[in-house]
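Chemist:
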Amino acid sequence: MPDLTRDDVAHLAMLARIDLSDAELDKMVGELAVILESVATVQQAPIGNVEPMSHPMPLVNVTRPDVVRPSLSPQQALAGAPEVDEQRFSVPRILDED
Amino acid sequence: MSTTTSTDAILGWDETLAAYEPVMGLEVHVELGTATKMFCGCPTTFGADPNTQVCPVCLGLPGALPVVNEKGVESAIRIGLALNCEIAPWCRFARKNYFYPDMPKNFQTSQYDEPIAFGGHLDVELEDGTVYRVEIERAHMEEDTGKSLHVGGATGRIHGATHSLVDYNRAGIPLIEIVTKPMFGAGERAPEIARAYVATLRDLLRALDVSDVKMEQGSMRCDVNVSLRPKGTEKLGTRTETKNVNSLRSVERAVRYEMQRHAAVLASGGSIVQETRHWHEDTGLTTAGRIKSDAEDYRYFPEPDLVPVAPTEEAVEALRASLPEPPAQRRKRLQAAYGFSDLEMRDAINAGLLDLIEETVAAGASASAARKWWSGEIARRANGEGVDVPTYAAQLAVTPAQVAELEGLVTSGRLNDAMARQVWEGVLAGEGSPTQVADARGLQLVRDSGALEAAVDAVIAANPDVAQKIREGKVQAVGALIGQVMREMRGQGDAAAAREVIMARLGS
């Protein structure tokens, strides 16, 4: 695995909408590198002819009929919202990118 | 990161075509008409109060587990089959990760490299009868996002907003994204082909009864990808993706505008930035949006909470058997049966009248009468209200059966055309059925031959010159007398009977 660069971390921080200072970026490069190195151990697993899987159980086509079930009340739905306005979730202004 | 500018230069249309060849791709998102969302049992009713159709699953609350809507999968397969696609025998959902408040889970459940349908085509007939085959790359299942209201800014748009208010009623509504392969060789017809493709797709989806395909309500949305390359070259140019082009006319305009804008940039030696563009319906311009993320930035991975979808061959064949007659074929059949000219047929289709006409004919009217009533006064009024005729008729609760009844009053001889128009106005005004309106207004052709003969005699006596001309063989002059007879009878006379009596009197 190629080494994690400072640019990689800055890009990931941007995607995650986390504002990191230069000092934090430097620190995260080192810390994430340690994590990646640890996780990389799994690459040594003897996978041989094992098919990749995305689900532990061999099930397919688990569906439900198209029948309405009760929703939450707006009060319940909004109970965990940091701020509410006009029965909507109020969130910080979306960054000037869209 | 971006700037809003509406002062982009554009190159003239002819100059654009002389130097460049367009390559187009269209992505259409269709909201399915299922009763519930794709992964939970919340209802999908349009226009409900904010955050009244949400639950732990579509709000992304911890521990909530999605389950796939059976009808959503069936609709996706039917759409794929109708687009002549192959259906994947086994496919998975994937998480498309991004941080934006319109998706409370911080990912959209979508499909990535395993779409349920792929490799199809749709034949699109242009106005002059030319057929252009649009190759379909894929159709995949995903979910819609919540709706954000940007407040605090002067215009209510994102720019200048201080915060955003989010309603998650729409989050999780099943979407099918239909992606074309790059369309080559369209040349000057690119805008027209784009429009015709979306119109044809809309008709197909409506015939499948999988969506209400209302572009104005956002249940069908189009993203337009355009790039240009110098004529005679192979390498594809950089493309832009114009988002949310939500009417047929706008699809056509957006393709044309982006071609001309690209051409101006390229002709002046500049280069196109790969970005999303916002379409502005009012000005017919696009403005820069965000720089397009690479697919890897979405860090797709298989959705661990949903098991694979693996439709059996029998299930797929059963769905194939349920497909309706393709719209293009149905039109040809109906046009032949109704004897409409190409122009009459096209007008009827464009006005969305075909279903109404078909039902009116089924209720007993002739095709020409059905077409006449649906494309007359009611179409004029619907246009004034800014809605299509089927929507307007539904609002007024005017039905094909009523139109057939009205026409029946004409063919049975109770009403003449002028009276029938009055009755129709009464029906449109909500005064009741055609028979009720005719009764209430006392509309009934006068059958009393004595009254007719008296009126004819009075008119002949008052117009000796005209009468003489008719006696001398100038038969066309009879029209003037018929008009007067009708006035004399206050519109309740039968024009054909009046002509007979006049001609009998004047011995021609």
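Protein chains in written order, with our numbering: chain A, 1 to 98; chain B, 1 to 508. Glycine included, every Cβ here is placed at the ideal spot set by N, Cα and C. The structure displayed is predicted, hence computed values, not measured ones.
Which one of B:Y98, B:M489 and B:I77 has the shortest CA to CA distance from A295 of chain B?
Modeler: To locate residue 295 of chain B, count along the second sequence from 1; it is residue 295. When only C-alpha atoms are compared, the closest one is B:Y98.
Chemist: Would you decide whether W424 of chain B is buried or exposed? Buried here means 16 or more other CB atoms lie within 10 Å of its CB.
Modeler: For the purposes of this step, residue 424 of chain B is identified with residue 424 of the second sequence, where counting begins at 1. The residue is buried, with at least 16 neighbouring Cβ atoms inside 10 Å.
Chemist: Taking only three categories from DSSP, how would you classify D22 of chain A?
Modeler: Taking the first sequence and counting its residues from 1, the one referred to as residue 22 of chain A is at position 22. Looking at D22 of chain A - three-state DSSP - the assignment turns out to be helix.
Chemist: Apart from the five residues just before and just after N84 of chain B, which ones in its own chain have a Cβ nearer than 8 Å to its Cβ?
Modeler: For the purposes of this step, residue 84 of chain B is taken as residue 84 along the second sequence, with counting starting at 1. Cβ within range, chain order: G120, H121, L122 and I136.
Chemist: DSSP three-state call for R290 of chain B: helix, strand or coil?
Modeler: Locating residue 290 of chain B in the second sequence gives position 290, counting from the first residue. If DSSP states are grouped into helix, strand and coil, R290 of chain B belongs with the strands.
Chemist: For the segment 14 to 38 of chain A, enumerate the residues whose C-beta is nearer than 8 Å to any C-beta of chain E, in chain order.
Modeler: This model lacks chain E altogether; the protein chains it does include are A and B.
Chemist: Residues of chain A with CB closer than 9 Å to the CB of K181 of chain B, please, in chain order.
Modeler: Numbered from 1 along the second sequence, position 181 holds the residue referred to as residue 181 of chain B. Ordered by position in chain A, no residue passes the 9 Å Cβ test against K181 of chain B, which lies about 28 Å from the chain.
Chemist: Give me the Cα-Cα distance between A207 of chain B and E303 of chain B, rounded to the nearest whole angstrom.
Modeler: For the purposes of this step, residue 207 of chain B is taken as the residue at position 207 of the second sequence. For the purposes of this step, residue 303 of chain B is taken as the residue at position 303 of the second sequence. Going from the Cα of A207 of chain B to the Cα of E303 of chain B covers about 32 Å.
Chemist: Below 7 Å on C-beta distance, what does N61 of chain A contact in chain B?
Modeler: Position 61 of the first sequence, counting from 1, holds the residue named residue 61 of chain A. Neighbours of N61 of chain A on chain B, chain order: V309 and A310.
Chemist: Look up F301 of chain B in the DSSP assignment and give the residues it is bridged to.
Modeler: Start at 1 with the first residue of the second sequence, and residue 301 of chain B comes out as number 301. Answer is B:R95, bridged to F301 of chain B.
Chemist: Let me see if you follow: with CB-CB separation under 9 Å, is Q43 of chain A close to chain B or not?
Modeler: Residue numbering aside, residue 43 of chain A sits at position 43 when the first sequence is read from its first letter. No, Q43 of chain A does not count as interfacial toward chain B.
Chemist: Taking C-beta to C-beta, are P66 of chain B and V54 of chain B nearer than 9 Å?
Modeler: Within the second sequence, residue 66 of chain B is the residue found at index 66, counting from 1. Within the second sequence, residue 54 of chain B is the residue found at index 54, counting from 1. Cβ distance not < 9 Å, so P66 of chain B and V54 of chain B don't count as in contact.
Chemist: Which residues of chain A have a Cβ atom closer than 9 Å to the Cβ of N225 of chain B, listed in chain order?
Modeler: On the second sequence, residue 225 of chain B is found 225 positions in, with the first residue counted as 1. Those do not exist, as N225 of chain B stays about 18 Å from chain A at its closest Cβ, beyond 9 Å.
Chemist: To the nearest angstrom, how far is the alpha carbon of D98 of chain A from that of T240 of chain B?
Modeler: For the purposes of this step, residue 98 of chain A is identified with residue 98 of the first sequence, where counting begins at 1. For the purposes of this step, residue 240 of chain B is identified with residue 240 of the second sequence, where counting begins at 1. Annotation note: pLDDT 42 at D98 of chain A (below 50); position unreliable, coordinate value reported separately. Roughly 15 Å separates the two Cα atoms.
Chemist: Compare the C-beta of R6 of chain A with all C-beta atoms of chain B and state if any pair is closer than 9 Å.
Modeler: The residue you call residue 6 of chain A lines up with position 6 of the first sequence. With 9 Å as the cut-off, R6 of chain A does not count as an interface residue toward chain B.
Chemist: Taking Cβ-Cβ distances shorter than 7 Å, what residues in chain B pair up with E51 of chain A?
Modeler: Taking the first residue of the first sequence as 1, we reach residue 51 of chain A at position 51. Ordered by position in chain B, no residue passes the 7 Å Cβ test against E51 of chain A, which lies about 12 Å from the chain.
Chemist: Counting Cβ pairs closer than 8 Å, one from the segment 185 to 192 of chain B and one from the segment 168 to 177 of chain B, do we hit at least three?
Modeler: Result no; under three Cβ-Cβ pairs closer than 8 Å.
Chemist: So, A263 of chain B versus L11 of chain B, is the Cβ gap smaller than 9 Å?
Modeler: Your numbering for residue 263 of chain B matches position 263 in the second sequence. Your numbering for residue 11 of chain B matches position 11 in the second sequence. A contact, by the Cβ cut-off of 9 Å.
Chemist: Counting C-beta neighbours from all protein chains within 10 Å, is the total for F184 of chain B 16 or more, i.e. buried, or is it exposed?
Modeler: In the second sequence, residue 184 of chain B corresponds to position 184, counting from 1. Exposed is the call here.
Chemist: Please name the residue, chosen from B:T36, B:A76, B:T45 and B:A64, that lies closest to P65 of chain A on a Cα-to-Cα basis.
Modeler: Against the first sequence, residue 65 of chain A aligns to sequence position 65. For the residues B:T36, B:A76, B:T45 and B:A64, the minimum Cα distance to P65 of chain A belongs to B:T36.
Chemist: Under 8 Å by Cβ, that's how I've got T45 of chain B and G72 of chain B pegged, so tell me the actual separation to the nearest angstrom.
Modeler: Sequence index remark: in the second sequence, residue 45 of chain B carries index 45 (1-based). Sequence index remark: in the second sequence, residue 72 of chain B carries index 72 (1-based). Contact doesn't hold; Cβ gap of about 16 Å is too wide.
Chemist: Tell me, to the nearest whole angstrom, how far the beta carbon of L481 of chain B is from that of V459 of chain B; I am working on the premise that it is less than 8 Å.
Modeler: Your numbering for residue 481 of chain B matches position 481 in the second sequence. Your numbering for residue 459 of chain B matches position 459 in the second sequence. With a Cβ gap of about 5 Å, L481 of chain B and V459 of chain B count as contacting.
Chemist: How long is the line joining the alpha carbons of A76 of chain B and I173 of chain B, rounded to whole angstroms?
Modeler: In the second sequence, counting from the first residue as 1, residue 76 of chain B sits at position 76. In the second sequence, counting from the first residue as 1, residue 173 of chain B sits at position 173. Going by the C-alpha atoms only, they are around 13 Å apart.
Chemist: In the DSSP output, which residue or residues are listed as bridge partners for E241 of chain B?
Modeler: Along the second sequence, one-based indexing puts residue 241 of chain B at 241. B:N225 and B:T276.
Chemist: Work out the CA separation of G442 of chain B and A454 of chain B for me, nearest whole Å.
Modeler: Counting from 1 along the second sequence, the entry for residue 454 of chain B is found at position 454. Counting from 1 along the second sequence, the entry for residue 442 of chain B is found at position 442. The alpha-carbon atoms of A454 of chain B and G442 of chain B are separated by roughly 21 Å.
Chemist: Since Q484 of chain B is in the alpha helix (DSSP H), which residue starts that stretch and which ends it?
Modeler: Counting from 1 along the second sequence, the entry for residue 484 of chain B is found at position 484. Start and end: V478 to E488.
Chemist: Is there a Cβ of chain B sitting closer than 9 Å to that of A40 of chain A, yes or no?
Modeler: Mapped onto the first sequence, residue 40 of chain A falls at position 40. No, because no Cβ of chain B sits closer than 9 Å to the Cβ of A40 of chain A.
Chemist: Is it buried or exposed for G384 of chain B, if we count other Cβ within 10 angstroms and need 16 for buried?
Modeler: Position 384 of the second sequence, counted from the first residue, corresponds to residue 384 of chain B. So G384 of chain B counts as exposed.
Chemist: Indicate whether at least one CB of chain B lies closer than 9 Å to the CB of G80 of chain A.
Modeler: Along the first sequence, one-based indexing puts residue 80 of chain A at 80. G80 of chain A counts as touching chain B.
Chemist: Opposite F184 of chain B in the DSSP bridges: which residues?
Modeler: Here residue 184 of chain B corresponds to residue number 184 of the second sequence, with the count starting at 1. DSSP, once it has assigned bridges, lists no residue as partnering F184 of chain B.
Chemist: Roughly how many angstroms lie between the CA atoms of S148 of chain B and L72 of chain A, to the nearest whole one?
Modeler: Counted from its first residue, the second sequence places residue 148 of chain B at position 148. Counted from its first residue, the first sequence places residue 72 of chain A at position 72. Looking at the two C-alpha atoms, the distance is approximately 20 Å.
Chemist: So which of B:G364, B:S368 and B:A429 has the shortest CA-CA distance to Q395 of chain B?
Modeler: Taking the first residue of the second sequence as 1, we reach residue 395 of chain B at position 395. Checked all of B:G364, B:S368 and B:A429; the closest Cα to Q395 of chain B is B:A429.
Chemist: Would the beta-carbon of L59 of chain B fall within 9 Å of that of P101 of chain B?
Modeler: Within the second sequence, the letter at position 59 stands for residue 59 of chain B. Within the second sequence, the letter at position 101 stands for residue 101 of chain B. Result no, Cβ atoms of L59 of chain B and P101 of chain B do not sit closer than 9 Å.
Chemist: Establish whether the CB of A10 of chain A and some CB of chain B are separated by less than 9 Å.
Modeler: By one-based count along the first sequence, residue 10 of chain A stands at place 10. So, not an interface residue.
Chemist: If you compare alpha carbons, which of B:D209, B:K231 and B:E252 is closest to N225 of chain B?
Modeler: Locating residue 225 of chain B in the second sequence gives position 225, where the first residue counts as 1. Comparing Cα-Cα distances from N225 of chain B to each of B:D209, B:K231 and B:E252, the minimum goes to B:E252.
Chemist: What's the C-alpha gap between E24 of chain A and L266 of chain B?
Modeler: The residue you call residue 24 of chain A lines up with position 24 of the first sequence. The residue you call residue 266 of chain B lines up with position 266 of the second sequence. Their Cα atoms are separated by approximately 42 Å.
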